[in-house]
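Scroll down for the structure; my scribbles are underneath it.
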Amino acid sequence: MSERSEQTSRAGQPYRREGATGTTLRFRFDGRDYEGLEGDTLASALLANGVRAVASSIKLGRPRGVYAAGCEEPNALVQIEEPFPEPMLTATTVELYDGLVASGLPGQGRLADRPDPARYDAVHAHCDVLVVGAGPAGIAAASVAARAGARVILADERPEPGGSLLGTTETLDGAPGREWAAEEVAALAALPDVRVLRRTTVVGHYDDNYVIAVERRTNHLGAAAPADVARERVWRIRARRVVLATGGHERFVAFAGNDLPGVMLAGAARTYANHYRVLAGSRAVVFTINDSAYAAALDLADAGVEIAAIADVRQAPGETWAARCAERGIELLTGHVVTAAKGEGEVSSVQVAPRGDGEAREIAADLLLVSGGWTPVVHLFSQAGGTLRYDEELGAFTPGETRQAVEAAGFARGVRTLRECLEDGAEAGRRALAAAGFAVPAEIALPSAEEEPAAAPAEHLWLVESDDYDAHFVDLQRDVTVAEVLRATGAGLTSVEHVKRYTTAGTAHDQGKTSGLLTSGVVAHALGVDVSELGTTTFRAPYTPVSFAALAGRDRGHLHDPVRVTAMHEWHVARGALFENVGQWKRPWYYPQAGEDMESAVLRECRAAREDVAAMDASTLGKIDVVGPDAAVLLDRLYTNMMSTLKVGSIRYGVMCRPDGMVFDDGTVIRLADDRFLVTTTTGNAAAVLDWMEEWLQTEWPDLRVHCTSVTEQWATVALVGPRSREVLARLAPGLAVDNDSFPFMTWRDAEVAGIEARVCRISFSGELAYEINVSSWFGLALWEAVMASGEVTPYGTETMHVLRAEKGFPIVGQDTDGTVTPQDLGMEWIVSKKKADFVGKRSFARADTSRPDRKHLVGLLPEDPGVLLPEGAHLVATSALPEPPVPTLGFVTSSYRSAALGRTFALALVSGGRERIGERLFAPVGADLVPVTVTSHVLYDPEGARRDG
Numbered sequence: 018m019s020e021r022s023e024q025t026s027r028a029g030q031p032y033r034r035e036g037a038t039g040t041t042l043r044f045r046f047d048g049r050d051y052e053g054l055e056g057d058t059l060a061s062a063l064l065a066n067g068v069r070a071v072a073s074s075i076k077l078g079r080p081r082g083v084y085a086a087g088c089e090e091p092n093a094l095v096q097i098e099e100p101f102p103e104p105m106l107t108a109t110t111v112e113l114y115d116g117l118v119a120s121g122l123p124g125q126g127r128l129a130d131r132p133d134p135a136r137y138d139a140v141h142a143h144c145d146v147l148v149v150g151a152g153p154a155g156i157a158a159a160s161v162a163a164r165a166g167a168r169v170i171l172a173d174e175r176p177e178p179g180g181s182l183l184g185t186t187e188t189l190d191g192a193p194g195r196e197w198a199a200e201e202v203a204a205l206a207a208l209p210d211v212r213v214l215r216r217t218t219v220v221g222h223y224d225d226n227y228v229i230a231v232e233r234r235t236n237h238l239g240a241a242a243p244a245d246v247a248r249e250r251v252w253r254i255r256a257r258r259v260v261l262a263t264g265g266h267e268r269f270v271a272f273a274g275n276d277l278p279g280v281m282l283a284g285a286a287r288t289y290a291n292h293y294r295v296l297a298g299s300r301a302v303v304f305t306i307n308d309s310a311y312a313a314a315l316d317l318a319d320a321g322v323e324i325a326a327i328a329d330v331r332q333a334p335g336e337t338w339a340a341r342c343a344e345r346g347i348e349l350l351t352g353h354v355v356t357a358a359k360g361e362g363e364v365s366s367v368q369v370a371p372r373g374d375g376e377a378r379e380i381a382a383d384l385l386l387v388s389g390g391w392t393p394v395v396h397l398f399s400q401a402g403g404t405l406r407y408d409e410e411l412g413a414f415t416p417g418e419t420r421q422a423v424e425a426a427g428f429a430r431g432v433r434t435l436r437e438c439l440e441d442g443a444e445a446g447r448r449a450l451a452a453a454g455f456a457v458p459a460e461i462a463l464p465s466a467e468e469e470p471a472a473a474p475a476e477h478l479w480l481v482e483s484d485d486y487d488a489h490f491v492d493l494q495r496d497v498t499v500a501e502v503l504r505a506t507g508a509g510l511t512s513v514e515h516v517k518r519y520t521t522a523g524t525a526h527d528q529g530k531t532s533g534l535l536t537s538g539v540v541a542h543a544l545g546v547d548v549s550e551l552g553t554t555t556f557r558a559p560y561t562p563v564s565f566a567a568l569a570g571r572d573r574g575h576l577h578d579p580v581r582v583t584a585m586h587e588w589h590v591a592r593g594a595l596f597e598n599v600g601q602w603k604r605p606w607y608y609p610q611a612g613e614d615m616e617s618a619v620l621r622e623c624r625a626a627r628e629d630v631a632a633m634d635a636s637t638l639g640k641i642d643v644v645g646p647d648a649a650v651l652l653d654r655l656y657t658n659m660m661s662t663l664k665v666g667s668i669r670y671g672v673m674c675r676p677d678g679m680v681f682d683d684g685t686v687i688r689l690a691d692d693r694f695l696v697t698t699t700t701g702n703a704a705a706v707l708d709w710m711e712e713w714l715q716t717e718w719p720d721l722r723v724h725c726t727s728v729t730e731q732w733a734t735v736a737l738v739g740p741r742s743r744e745v746l747a748r749l750a751p752g753l754a755v756d757n758d759s760f761p762f763m764t765w766r767d768a769e770v771a772g773i774e775a776r777v778c779r780i781s782f783s784g785e786l787a788y789e790i791n792v793s794s795w796f797g798l799a800l801w802e803a804v805m806a807s808g809e810v811t812p813y814g815t816e817t818m819h820v821l822r823a824e825k826g827f828p829i830v831g832q833d834t835d836g837t838v839t840p841q842d843l844g845m846e847w848i849v850s851k852k853k854a855d856f857v858g859k860r861s862f863a864r865a866d867t868s869r870p871d872r873k874h875l876v877g878l879l880p881e882d883p884g885v886l887l888p889e890g891a892h893l894v895a896t897s898a899l900p901e902p903p904v905p906t907l908g909f910v911t912s913s914y915r916s917a918a919l920g921r922t923f924a925l926a927l928v929s930g931g932r933e934r935i936g937e938r939l940f941a942p943v944g945a946d947l948v949p950v951t952v953t954s955h956v957l958y959d960p961e962g963a964r965r966d967g
């Protein structure tokens, strides 16, 4: 950072113009304290204090200063440190507030090391006409539309309306243009159907006029921001018609040292002088290819900046501008270019020379103002699918045709003068009204604008030719020079898209707002073609960077991934249960008693389930109500086995596969009526299964008369398990016949259990005699407490459930499968119907790949040392000594537990050709050891199923 000490008008702010008013604000930058004024940006406040170097470049570490005055700023990247760290902001768009602490960045920032305390939100809005940009054209368009009764949204990225009027001395009806803008927008905001969105940047334009905008609501307040107001808000707008009055960005020219602090766009310096009452320097040289820089030069001269010379590449600039320069004694160098900006760390002199042959001349100056022409902001128009056409006179691309209901107005479509922009905006508003079906009003009275001098044609120049292009910068943020572009074209690249990727030009935070067209121009120069033939790179959303916090809104933390608990959750907490996260659910993992660790607690729970009676909260299982005349048809198509033959009152286990034949989910199907089924799913896959059903219904089988509804939260479920479960249920439900003949396996009954209406199902995921008791979730806790009231039922958690099901060889989808497993791989050939004409995945079972003998099969593993617990995920090899890498593996462990019933450890695994390897000895590398294991059937406990019926 460097600082100039020359004092001018204000103590402490040497480059603040006389007459500047506003509350004094104190801030800190790069460890030093400064003062600014209310209404400043960080950039204008730094310039007022004489701070030249604000940041450094990302690759070369060169000092960089403020270059622009808006979102197009390529250099002045800063990090806000207080009140909350936020990186990669442009100093030109950070509004100053008291207590601001910031630092310059070397092209990349630092993420916060603590959670963001601010709130973010999102809203949806609809309107007849959306106007983007509150400059002269945008205000005129909004005024026409609003006064015809249309619902209008006017969005602008700045804190106050006016657009280009804010940075100039132009008048409307004899008064400053910014005053007209403020009055007109205030009148619009008072209308009932008009919404004015300040500090709101439209960042994306999508199909059907779906527009995304980001409103910065409290960023400018710093620590004074109210905690109950969202810091930023995402607006999701649907508009019948859109008017894009987005204005333009000034661009620079590539010459040696064009990145030095003190080099600035001419229009930006004009804005700082007129809007912020700040002078960017004391003695300036102006380098231009068109007339617009003359207005900037004269405004700065009137403000007190000495204009040492104007170097105009043209031989014949506008006569009126030349005369005004002569009146002020400003030297005009026609047919000249700036060949270099010089200085140690900042501009101290400027070298100019005639175009072609001629002697170079060095002029002392601390400010170099550059205008390489103006580029209409066509980003949103292009995002909307619009085509662009090259305007030879403007030297830039302007909107062409578009498939969407979009109008471009003002300079965004190449209209030059203030009067023409006002008229063009009003006409765009009328066209939008007519297209939206409104009666178009008679022409509204527009303010009169002063006559502008006749413009002389611009002479478009992309670079100043030189023998050495290493300091001719094209993209300031990416440190891309003309030399790098020439290397790209020299390597054979002729597309600007390819050059962009080769050099990274246009890929920084500013997305090439000042460098995009310049890059195309340099490529065209190198290839000897016209820039109109090359076109531009693709304009993609977002138009300006958007914070992840704004995109997330309130969809973060518990609101992004809600914690779901069952009706019995508080009971589990009170009894000391530890929990595991399954999907979004908190499920009891195990219930340790005094002095127990996890292993001993789970063994105790397993013994209770196998030898006595135990209960688990199974409420989290997904439950989907499938209703309609074609419900059975849908389920037949989705499951591998038949569901239409299921009788009312019965239950059937089923498996769903993806079209490739791989297992997607499993669960039970309960037939409640001829046209109604209750489908259960795995806990973590419930939403995915419902989505799967809806996808097929809505895209492939819309003719089926079926409705699918999630009812998971509507039911609380208690799984009562163990040899004595029938006894306990009989006491709780004296009116229910629970013997095997009256209540066979895989059937359900309605009954009162503990005085609560319930649906009782004879289902077992443990291999033991078991019942699943389902009640309304309102009565889940009452049912659970009634089951536990006797004191003889042991509660068990998901870890015990896993041990019990693994002992029986029941797979868990997602744990014992990995997306490459078929039902046949799981030893479930019996569940794949040979009678059904078709179902999802059927054709894939005919592929040679699904019947390969070396496919991985689900098998059991018994470590030779019964006390060794294999880690899940451990690989399996055939040899007792590992060969040199790469080591061929036969499979991997999917589940591994210590079993009370087996009196040892065991595991399930997916093993290549596993069923043919039963009895073989394999090895599991665990750390430095190779653990020998024996392959066995995946059903390790009660293979005959004798315990199921008690």
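The C-terminal residue of the sequence shown carries number 967 in our numbering, and the numbering is unbroken. In this text, a Cβ means the ideal position worked out from N, Cα and C, and glycines have one as well.
Figure out for me which residue from 216, 601 and 289 has the closest Cα to the Cα of residue 322. 289
Rounded separation between residue 523 and residue 72 - CA only: 19 Å
Segment contact, 8 Å Cβ cut-off, at least three pairs: the region 574-584 with the region 794-806: yes
Among 781, 855 and 879, whose alpha-carbon lies nearest the alpha-carbon of residue 736? 781
Straight-line Cα distance separating residue 109 from residue 525: 16 Å
Straight-line gap, residue 571 to residue 138 (C-alpha atoms, nearest Å): 6 Å
Could you tell me whether the region 626-636 touches the region 827-838, using the rule of 3 or more Cβ pairs below 8 Å? no
Among 484, 385, 890 and 918, the one whose alpha carbon lies nearest that of residue 944: 890
Taking the alpha-carbon positions, what's the residue 975 to residue 554 distance? Outside the displayed range of the chain (18 to 967) lies residue 975, so it cannot be described from this structure.
Backbone CA spacing between residue 153 and residue 29 [nearest angstrom]: 36 Å
State the beta-bridge partners of residue 672 as determined by DSSP. 683
For residue 605, write down the residues that DSSP places opposite it in a beta bridge. 596
Quick check: the Cα distance between residue 66 and residue 434, rounded to an integer number of angstroms? 34 Å
What residues in its chain sit with their C-beta under 7 Å from that of residue 338, if we drop five residues either side in the sequence? 308, 311 and 470
From what residue to what residue does the beta strand (DSSP E) around residue 732 run? 732-738
For residue 278, tell me which candidate among 82, 713, 652 and 952 has the shortest Cα-Cα distance. 82
Considering just the uninterrupted stretch of the beta strand (DSSP E) at residue 938, what are its terminal residues? 938-943
Cβ separation of residue 729 and residue 639, assumed to be a contact under 8 Å, to the nearest whole Å: 5 Å
Backbone secondary structure at residue 178 - three-state DSSP: coil
Between the alpha carbons of residue 653 and residue 813, how many angstroms are there, rounded? 35 Å
Go through its chain and collect everything with a Cβ distance to residue 334's Cβ below 6 Å, but skip five positions before and after it. 473
Three CB pairs or more closer than 8 Å across the region 446-463 and the region 142-162: yes
Considering Cα atoms alone, identify which of 293, 251 and 369 is closest to residue 301. 369
Does the pairing of the region 392-405 with the region 219-226 give three or more beta-carbon distances under 8 Å? yes
Apart from the five residues on each side of it in sequence, which residues of its chain come closer than 7 Å, Cβ to Cβ, to residue 10? There is no way to answer for residue 10, as the model of the chain reaches only from 18 to 967.
Beta bridge counterpart(s) of residue 96 as assigned by DSSP: 120
Strand pairing of residue 170, partner residues [DSSP]: 147 and 212
Give the list of continuous beta strand (DSSP E) stretches no shorter than 3 residues that lie fully inside the region 387-443. 391-393, 405-408, 413-416 and 423-425
Residues near residue 98 by beta carbon distance below 7 Å, same chain, minus five either side: 118, 119 and 120
Please state whether DSSP places residue 806 in a helix, a strand or coil. coil
Contacting residues, own chain, Cβ-Cβ under 8 Å from residue 715 (five flanking each side not counted): none
What is the DSSP secondary structure of residue 20, counted as helix, strand or coil? Confidence at residue 20 is low in this model, with a pLDDT of 40, below 50, so the placement of that residue is unreliable and no value is reported for it.
I need the DSSP call for residue 313, collapsed to helix, strand or coil. helix
Residue 805 versus 611, 482, 407 and 588, residue with shortest Cα-Cα distance: 588
Complete beta strand (DSSP E) runs within the region 186-237 (minimum length 3 residues, chain order): 211-214, 217-223 and 227-233
Rounded to the nearest angstrom, what separates residue 669 and residue 722 at their Cα positions? 22 Å
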